[in-house]
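Just add 24 to the spot in the sequence shown (first one is 1) and you have the working numbering. Glycine is no exception: its CB is placed at the ideal position from the N, C-alpha and C atoms.
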Amino acid sequence: MSRVLTEQELHNMAMNWVGKQLEKDGFEFMAVNSKPKKNPQFVCLKNKNLHFIIVRHSLLPNNPNSYELDMVKKVKDHAIKFEAKTYYAGVGFASAKGLDHPLLLNEEYIVEYQGLIEIL
């Protein structure tokens, strides 16, 4: 029988989703951190520029692109010291059976991902 996915499993799914997209877009991984509250999750190089990428997941219908301003500001301030750009990557998940169904291990799901949001 299937069980509800844990927060770490959901975070790992979001990391995998974003990581595959970054790879496709030509980013080179310098560091990867899969701990949900340790930021940034990805430190990447692209076109000789450093990029800090924060990854968060949410369960739909919650907005995956909604983020904590204080947390993002801390990462942005840290990135400035390294002349890096900062991005937020929010990934939303829902059961393919509908929003009122829990997200279960080994069952189909829906993903909402609108790409990287640059933090200016």
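When the Cα atoms are used, what is the spatial distance from residue i to residue j?
{"i": "P85", "j": "M39", "result": "20 Å"}
{"i": "E142", "j": "T110", "result": "6 Å"}
{"i": "L129", "j": "K70", "result": "34 Å"}
{"i": "L123", "j": "Q65", "result": "27 Å"}
{"i": "L46", "j": "S58", "result": "15 Å"}
Please classify residue i as buried or exposed, where buried requires at least 16 other C-beta atoms within 10 Å of its C-beta.
{"i": "A55", "result": "exposed"}
{"i": "V115", "result": "buried"}
{"i": "N63", "result": "buried"}
{"i": "R27", "result": "exposed"}
{"i": "I77", "result": "buried"}
{"i": "L140", "result": "buried"}
Going by C-alpha to C-alpha distance, which of the options sits closest to residue i?
{"i": "G50", "options": "S119, K72, V96, K121", "result": "K72"}
Here's a check: name, in chain order, each residue in its chain whose Cβ is nearer than 8 Å to the Cβ of residue i, leaving out the five neighbours to either side.
{"i": "A120", "result": "E131, E132, Y133, I134"}
{"i": "Y137", "result": "W41, V42, Q45, P88, A113, G114, V115, G116"}
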